[in-house]
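Engineer:
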Amino acid sequence: MMRLYIGEVKKSIGRTFRDVEEENFSPLRWRGEKLPFAQSVRLDALLTNCGGEILVKGVVDTALVMPCSRCLEPTLQKIEAVFYLEYRNLSRIHRLSDIEAEAGEADEVGYFWEEDNYIEVTQEIEELILINLPMKPLCSPYCRGLCPICGVNRNKESCSCEEEIDPRLAVLRNWKKENL
Ligand SMILES: [Zn+2]
Ligand SMILES: [Zn+2]
0 MMRLYIGEVK KSIGRTFRDV EEENFSPLRW RGEKLPFAQS VRLDALLTNC GGEILVKGVV
60 DTALVMPCSR CLEPTLQKIE AVFYLEYRNL SRIHRLSDIE AEAGEADEVG YFWEEDNYIE
120 VTQEIEELIL INLPMKPLCS PYCRGLCPIC GVNRNKESCS CEEEIDPRLA VLRNWKKENL
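When the sequence shown is numbered by numbering that gives the first Met the number 0, its final residue is 179 and no position is left out of the sequence of numbers.
1) Taking Tyr117 and Leu3 to be in contact with their CB atoms under 8 Å, please state how far apart those CB atoms are, rounded to whole angstroms.
2) Is it a yes or a no for the segment 107–117 touching the segment 75–89, going by three-plus beta-carbon pairs under 8 Å?
3) For a test of your reading of the model: does the CB of Gly144 fall under 8 Å from any non-hydrogen atom of ligand 1? Yes or no.
4) Among Asp115, Cys160 and Glu22, whose alpha-carbon lies nearest the alpha-carbon of Ile5?
5) When every heavy atom of ligand 2 is checked, does at least one fall within less than 8 Å of the C-beta of Gly103?
6) Trp29 and Leu127 look like a contact to me (Cβ under 8 Å); what is the Cβ gap, rounded to whole Å?
7) What are the complete beta strand (DSSP E) segments, minimum 3 residues, inside the segment 64–123?
8) Taking the alpha-carbon positions, what's the Pro73 to Cys67 distance?
9) I need the straight-line Cα distance from Pro35 to Arg91, nearest angstrom please.
10) Does the distance between the C-beta of Ser139 and the nearest non-hydrogen atom of ligand 1 fall short of 8 Å?
11) For ligand 2, I want to know if Gly109 counts as a neighbour, meaning its beta carbon is within less than 8 Å of at least one of the ligand's heavy atoms.
12) Does ligand 1 have a heavy atom nearer than 8 Å to the CB of Leu71?
13) What is the residue span of the beta strand (DSSP E) that Asn48 lies within?
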């Protein structure tokens with residue numbers, strides 16, 4: 000569970016507080032798979048008291064293990080993302096419309112009660128990591144992928160399927176069969 004300390008920043012308007020946190024996260028659900036983290040999630044955040052809300056700007060960095068989109072081998076993917084969260088003081092909200100007010104520039108809006116000393120950010124950080132995952136992770140930009148015919152990993156093994164695909168070779172082979 001990742002949380003940020005607001006006990007200091009909430010004391011007065013304009014106050015700022017830097018909070019650096021590091022936490023181990025459980026695997027992330029992604030396209031029906033579970034992606035394990037290769038290292039802890041590190042958060043470097045600057046909290047600012049803006050009156051009715053606390054703004055949290057920072058950087059999250061970590062690394063996950065994802066299957067290469069070409070050869071399916073597990074690959075390490077570094078994630079570094081800037082985030083901007085807004086936490087509104089529920090004790091100061093009097094109308095429902097204040098809760099439904101738009102997030103503005105913030106990636107996410109959360110809430111806290113006057114007496115809270117911490118805000119929970121685990122879910123927000125997980126969502127941030129998810130939207131920053133590469134669409135097509137690669138083990139290397141030169142990955143040759145799997146053979147579409149026999150399925151071998153072409154980075155590790157070679158197969159003879161490829162020449163079958165080449166229509167010029169197929170014509171030549173047929174010609175040989177007919178003429179030899
Ligand atoms: Zn690959
Ligand atoms: Zn093959």
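Don't be surprised by glycine CBs; every beta carbon is placed ideally from N, CA and C.
Structural biologist: Let me spell this out:
1) 7 Å
2) yes
3) It does: the Cβ of Gly144 is within 8 Å (strictly closer) of some heavy atom of ligand 1.
4) Asp115
5) no
6) Contact flag wrong, Cβ pair sits at about 13 Å.
7) Unbroken beta strand (DSSP E) stretches of 3 residues or longer found wholly inside the segment 64–123: 73–88, 107–111 and 117–119, given in chain order.
8) Looking at the two C-alpha atoms, the distance is approximately 6 Å.
9) Cα to Cα, the separation comes out at about 40 Å.
10) yes
11) no
12) yes
13) Val40 to Asn48
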